[in-house]
Each structure stands twice: as C-alpha cells, then as structure tokens.
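Below is one structure; the comments refer to it alone.
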Ligand SMILES: [Fe+2]
Ligand SMILES: [Fe+2]
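Residue numbers (this note's numbering), protein chains in the order written: chain X, 209 to 527; chain E, 11 to 114.
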C-alpha cells in the first residue's frame, strides 16, 4: 500500500517494541512492508485452504450413510466456506481485494494446504479428516488466535469455536466404524493409514527449514514453532487412537517418559514438497473443481446484480 | 474471471464491502464482527446472516457500507484522547468521604 519499500528503521523499532509488549496491531496502524506481505501471504493461503478444503468432503455429502451424518457433513462443509470468508475479509484489511486473491487461487499461483490434495476414497475418510485434519487445524488455529494482527486473531477465535464440532463429529464417526463390522474396521484403519502422515505434514517443514516461520514468529504472528505444534498434535491424538483400538502407521511411535512426548518416525519430506509443488494426487482435480464452481456461479452473481439494479431503479422511480 | 462483470465494471466477486455488526442478545450493544461483499443492503444482510450467525450468535444484525465509516487515526492516539488524561475528577475515586460511611 502506501508503505515505502524500505521502512524507516525508527518506525520498525517502534513497531517491534509494540509487538514485544504484546500489543495487537490493527489495520490502520503503521506496519513494516514485510509484515504486511507475510500476513497477506499467510492469511490468503489459509483462506484458500478453507475453501479448497470443502472439496474432499463435499464429495461425500450425497453418499453419507444416514441423514444424521449428512446433516453434520453439510453443516461442517458450510462452516469451512464461512472460515474462508472470515479470513478473506481479514486479509482485505491489509489493502488487497478478495477478487485478486481468488484470481491467484484459480490461476494456480496461490498455495493452499497440501492436505487437500489427497483423495477421499471411502466414507471412513470423512471421519478421519474431521478427527486428524480438523484436529491439526485446531492445534494450529488455537495458537493463531493469539496472533499479533487483530483481524486474523479475531477470525481465529471465531473459527476455533466452530472447529470443535468438526473434530468431534469426525471422531464420533471413526469410533462408530471402529466398533462396527470387520469390514468397517478395516475401512477406517485404512483411512487412518493414509491420512496420518499427510496430517503431520500439515504443520509445515521442520523449523530449521522454514524461513517464513522464523519471520512470522519474530513478529508475533506465530507463537509456536511447527515442530512444537506437530508434537502437541501427536501427543493429543495417540491416546484417542488407542481408545478406539486403531493403530497409527508408524512403527517408531513410542512414549518418552522423560519428556512426556510421543516420539514419532521420519516424515517423508520429498512427498510433502512434491504435493506443495503441484504434483500431489489431486492438485489438478481440486483446481479444476474450483474453476468450474466459479464459472458456473457466474449467472448467480449476474442475477444478483440485475436484481439490485432493478431495485435501485424502482426506488429512484418512486422518489 | 471475466464472467459476471456488473455494468459499472467492478470485478465479479468484488461487490461493495459492508461492515457487519451483531447484537449478541437483546439489550446488548451491537458489536463489529466482520465484513461481507454484497450488491445491495438486502443481500448484505442475508450474507451476514449466513456468514456470521449460523449458530444463533445474535438477535439483530446491522450492515453498514464500509465507506461510510469514519475512524480516528491510530497515529494520533495520544493527542486525540489527551483531553481526558488530566481529569481524575471524573472518577469516583477522586473524592474522599468520611471513613465508615457506605456511599453506594
Ligand atoms: Fe475450517
Ligand atoms: Fe474445520
């Protein structure tokens, strides 16, 4: 926006002092150009993830096994649309327009969470996504609810309240399948096997390989490192898996008495980078689905505009 | 992104911005909760309901064109609010009352 490319060092120092005091930065406050850019990048990626995240589960709405599950899934997917909108609206306070951000998503320029580039092969995937993916999102978003940028933090507070339902409905569905027929058990175990590692990757690269993360931490956007959050997620999830007698696909998983952590094996970072760079199982399919939805929605937007124009004309005529 | 452009040339998903205020319960003041894009006030209200009130979060919604909001400038926070800084006598603690008397 108006901020010059090289920021005045005195203003940067004053800004960093505000961050150090734990103050919350608001849209009209002065901020370093880099802070604004990093926030736009991070928040828009987050918003895109909510929107693209509707696709893998949306696939199953018409095939939900009962009306109860169908209602839950519809409500959850609708919430994700809401989450995308809250965060787009927060991103716009930084001086960008939503249509630019949506344009970057549809053109393939923008990134979103790589987890949504994996396929949902069976109904059990829907439960496991609620349990793992929304569970991981809660760990991450609870931290972001204390972010230094006010509009982002407030969106996260609202989102965290809704995510608890997402996780619980998923875990309930998983627990139901886990105590079902041998076929249902095998189906849910298979979904767990496929989603576990990609869920751990959701927290991003190890801290030492994450330059963006370091900068975001320095400015109080992120309050915890990727590795710490990932460990927290593993510690929360292992007992939940044990409670429903499901195995997590990691032979190296073991409890460390001294640290109180569940230690886990090597993450396949090659797979992570392959998916991030666009070659995951569903990258192309997801973008194609978003583009199709956007194009097919054009008539709705046109109709809304025509209606509004007609209303305006009749108000003028009546006046 | 070429479809659905309104006659005035604004891009298709970039309708005017409206700020949304929600009254969490009867008798409470309205609070700002976010914003929505909409072609007109009626659509802004419907969008605000779908985005910000899916779980009975409020009893009443206001939508206001964002362009109509005038705010104070964060940079001027000191001088702008300083008329209130030296007026301790506007607070009850400023006044001494006889010991042991219950004033309230
Ligand atoms: Fe979400
Ligand atoms: Fe969610």
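Every residue gets a Cβ at the ideal spot worked out from N, C-alpha and C, and that includes glycine. Quantities reported herein were computed from a predicted structural model and do not represent experimental measurements.
| Asked | Found |
| --- | --- |
| Cβ-heavy atom distance, residue 288 of chain X to ligand 1, below 7 Å | yes |
| Distance cut-off 7 Å: residue 342 of chain X Cβ against heavy atoms of ligand 2 | yes |
| Residues that residue 294 of chain X contacts on chain E, provided the C-beta gap is smaller than 8 Å | 44, 61 |
| Start-to-end residues for the beta strand (DSSP E) that takes in residue 47 of chain E | 41–47 |
| With 16 other Cβ atoms within 10 Å as the buried cut-off, status of residue 42 of chain E | exposed |
| Beta carbon proximity, residue 74 of chain E to chain X, threshold 8 Å | no |
| Short CB-CB distance (under 8 Å) between residue 84 of chain E and chain X | yes |
| Residue 291 of chain X Cβ short of 7 Å to ligand 1 heavy atom set | yes |
| Simplified DSSP assignment, three categories, for residue 454 of chain X | coil |
| Residue 492 of chain X burial status per 10 Å Cβ neighbour count (16 or more: buried) | exposed |
| N- and C-terminal bounds of the beta strand (DSSP E) containing residue 31 of chain E | 27–33 |
| Interface flag, residue 427 of chain X vs chain E, CB-CB below 8 Å | no |
| Limits of the alpha helix (DSSP H) - the one that residue 471 of chain X falls within | Not the alpha helix (DSSP H): residue 471 of chain X falls in the beta strand (DSSP E), residues 469–471. |
| Interfacial residues, the segment 305–321 of chain X to chain E, with Cβ spacing under 8 Å | 305, 306, 307, 310, 311, 314 |
| Closest residue to residue 411 of chain X among X/400, X/434, X/419 (Cα-Cα distance) | X/434 |
| Whether residue 378 of chain X touches residue 342 of chain X by CB criterion (8 Å) | yes |
| Test item: CB-CB of residue 314 of chain X and residue 255 of chain X under 8 Å | no |
| Cut-off 6 Å between Cβ atoms - residues of its own chain near residue 244 of chain X, not counting five sequence neighbours on either side | 302 |
| When E/29, E/98, E/50 are compared against residue 40 of chain E, the one with the closest alpha-carbon | E/29 |
| The segment 351–370 of chain X contacting the segment 293–307 of chain X, beta-carbon criterion three pairs below 8 Å | yes |
| Whole-angstrom C-beta distance between residue 488 of chain X and residue 322 of chain X, which should lie under 8 Å | 6 Å |
| Chain E contacts from the segment 230–246 of chain X (Cβ-Cβ distance under 8 Å) | 234, 236, 237, 238 |
| Of the listed residues X/217, X/354, X/366, X/397, nearest to residue 381 of chain X (C-alpha basis) | X/397 |
| Check: residue 471 of chain X C-beta below 7 Å from any heavy atom of ligand 1 | no |
| Three-way DSSP call (helix, strand, coil) for residue 495 of chain X in this model | helix |
| Per DSSP, cross-strand counterpart(s) of residue 71 of chain E | E/32 |
| Three-state secondary structure assigned by DSSP to residue 372 of chain X | helix |
| Outcome for residue 453 of chain X when other beta-carbon atoms lying within 10 angstroms are tallied against a minimum of 16 | exposed |
| Minimum Cβ-Cβ distance from residue 513 of chain X to chain E less than 8 Å | yes |
| First through last residue of the alpha helix (DSSP H) which encompasses residue 348 of chain X | 342–352 |
| Identified DSSP bridge partners for residue 357 of chain X | X/233 |
| Contacts that residue 290 of chain X makes with chain E (C-beta to C-beta distance below 9 Å) | 60, 61, 62, 64 |
| Member of E/107, E/102, E/44 whose CA lies at the smallest distance from the CA of residue 72 of chain E | E/44 |
| Buried versus exposed call for residue 386 of chain X [16 or more other C-beta atoms within 10 Å across all chains shown] | buried |
| Helix, strand or coil at residue 296 of chain X according to DSSP, with G and I counted as helix | helix |
| Residue 374 of chain X Cβ short of 7 Å to ligand 2 heavy atom set | yes |
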